[in-house]
Amino acid sequence: MKAIIIDINFATFLEALATTGEWIPVLWYALWLAMERMIAEDFAGLYACFHAPIANVDCGQRCAPYNEGDAPFCCDTRHAVPAAYLVEWEYLEQHTDLWHVWEGKTPELTEQLRAQAPDGQVLIECKGYSLCQRDFRSLTCRAFPFFPYITRQGQFVGLSCYWEYEQCCWVINNLQVVSPLYVEQFVQAFDWLFTRMPDELTLFQHFSRRMRRVFGRRHRLIPLFHRDGRFYKISPRDGRLRRSAPEKYPKSGVYKIAASLPFPDELDQGGPETAGAS
Numbered sequence: 005m006k007a008i009i010i011d012i013n014f015a016t017f018l019e020a021l022a023t024t025g026e027w028i029p030v031l032w033y034a035l036w037l038a039m040e041r042m043i044a045e046d047f048a049g050l051y052a053c054f055h056a057p058i059a060n061v062d063c064g065q066r067c068a069p070y071n072e073g074d075a076p077f078c079c080d081t082r083h084a085v086p087a088a089y090l091v092e093w094e095y096l097e098q099h100t101d102l103w104h105v106w107e108g109k110t111p112e113l114t115e116q117l118r119a120q121a122p123d124g125q126v127l128i129e130c131k132g133y134s135l136c137q138r139d140f141r142s143l144t145c146r147a148f149p150f151f152p153y154i155t156r157q158g159q160f161v162g163l164s165c166y167w168e169y170e171q172c173c174w175v176i177n178n179l180q181v182v183s184p185l186y187v188e189q190f191v192q193a194f195d196w197l198f199t200r201m202p203d204e205l206t207l208f209q210h211f212s213r214r215m216r217r218v219f220g221r222r223h224r225l226i227p228l229f230h231r232d233g234r235f236y237k238i239s240p241r242d243g244r245l246r247r248s249a250p251e252k253y254p255k256s257g258v259y260k261i262a263a264s265l266p267f268p269d270e271l272d273q274g275g276p277e278t279a280g281a282s
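Under this note's numbering, think of the first position of the sequence shown as 5, with each following residue one higher.
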């Protein structure tokens with residue numbers, strides 16, 4: 005699987021994009037943490053305001069059948085290794101036994117991924133999705149598969165998805181399941197972060213710019229859950245917002261096929277376009 009890096013250091017991120025090979029992606033969020041400005045307990049407040057499930061059904065049960073070992077892709081460190089800030093890791097160590105420091109299958113792999121993690125972060129791994137303690141999910145777990153979308157004018161207008169995961173993420177292929185409460189809490193959490201760490205908005209603006217370039221080359225519209233509660237598609241060329249319905253976002257990979265083979269409970273609810281996830 006191609007590496008996917010969301011780096012707190014955008015220069016490092018661009019360099020990594022140019023040199024990636026076949027290795028496990030490290031997930032982290034561009035939240036440049038000024039250590040002297042945050043303490044471990046700040047994450048208790050952040051977690052408390054960003055706790056809503058994406059929707060009302062376990063999305064991991066929907067993607068897991070397509071992953072070897074029947075684990076959700078985002079909970080499988082063969083596909084994604086979460087990173088936590090040191091101060092976040094301090095909070096997690098103090099309050100839960102869910103997480104441990106990640107170790108690769110070989111010393112070489114461990115060193116390779118640790119070298120890609122920026123200063124002030126640690127690669128972590130949980131006990132497994134079946135033992136999840138939702139109150140102690142890391143920030144990357146809560147936000148995935150979304151990131152804050154920033155306009156050319158520098159405005160945080162809502163959330164879009166990491167398109168690199170659209171081949172494996174069930175939620176990206178079923179955006180109609182995303183709950184308004186989740187969107188609201190996502191926006192509130194990142195508003196708090198951007199107020200406290202304004203440089204982070206600039207970093208996500210760079211990432212959003214890259215998305216516009218990629219989608220412009222592919223002649224695609226960008227999906228957006230707007231902070232006004234509506235769903236739009238954005239023109240990557242001029243930033244024009246077009247009202248749309250999330251179920252109209254095109255499916256990818258196996259989900260394109262699975263759309264014609266719904267789960268029994270989806271049939272009960274009127275088809276795959278009306279099903280939920282969490």
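Even for Gly, the Cβ is constructed at its ideal location relative to N, Cα and C. Predicted model only: the values in this text are computed from it and were never measured.
Measuring only the C-alpha atoms, how far is residue i from residue j?
i    : j    : result
R216 : C172 : 21 Å
L245 : K252 : 15 Å
R156 : A52  : 31 Å
A193 : A75  : 28 Å
F235 : V187 : 11 Å
V91  : V105 : 14 Å
F77  : R200 : 32 Å
R135 : V182 : Strictly speaking, residue 135 in this sequence is Leu, with Arg absent from that position. About 23 Å.
A119 : Q125 : 11 Å
R213 : G233 : 23 Å
I176 : R221 : 20 Å
P184 : V61  : 15 Å
W103 : T110 : 20 Å
T144 : C165 : 13 Å
Q152 : D46  : The residue you asked about is not Gln; residue 152 is Pro in the sequence shown. Between P152 and D46, the C-alpha separation is close to 20 Å.
G108 : T114 : 5 Å
C130 : H210 : 30 Å
A279 : A68  : With a pLDDT of only 39 at A279, under the threshold of 50, the placement of this residue in the model should not be trusted, and no figure is reported.
P202 : P57  : 27 Å
Y259 : R82  : 21 Å
Rank the options by C-alpha distance to the C-alpha of residue i and give the top, closest one.
i    : options                   : result
F150 : Q65, E170, L197 and H83   : E170
L228 : W167, A193, P202 and E92  : W167
W174 : F208, G257, D80 and F219  : G257
R247 : A56, F47, L205 and K237   : K237
Y89  : R138, E72, S142 and F77   : S142
F219 : P202, P240 and F208       : P240
C79  : W93, E94 and C63          : C63
A44  : G233, F140 and K255       : F140
R224 : K255, Y133, A263 and R231 : K255
From the DSSP output, in three-state form, read off residue i for me.
i    : result
Q98  : helix
Q125 : strand
K237 : strand
R246 : strand
L135 : helix
L113 : helix
I226 : strand
Starting from the C-beta of residue i, find all residues in its chain whose C-beta is less than 7 Å away, skip the five residues before and the five after it, and write them out in chain order.
i    : result
F190 : F54, A147, F150 and L163
D242 : none
E198 : The sequence as given places Phe at residue 198; Glu does not occur at that position. The residues are F160, E204 and L205.
Under 8 Å Cβ to Cβ from residue i, same chain only, skipping five residues before and after it: list those, please.
i    : result
D195 : F160
Apart from the five residues on each side of it in sequence, which residues of its chain come closer than 6 Å, Cβ to Cβ, to residue i?
i    : result
Q116 : none
G132 : none
> Taking only runs of the beta strand (DSSP E) that begin and end inside the segment 141-219, which ones reach a length of at least 3 residues, in chain order?
Replying inline: Runs found: 150-154 and 160-165.
>> Suppose only complete runs of 4+ residues qualify. What are the alpha helix (DSSP H) ranges in the segment 51-106, listed by chain order?
In response: 64-67 and 90-99
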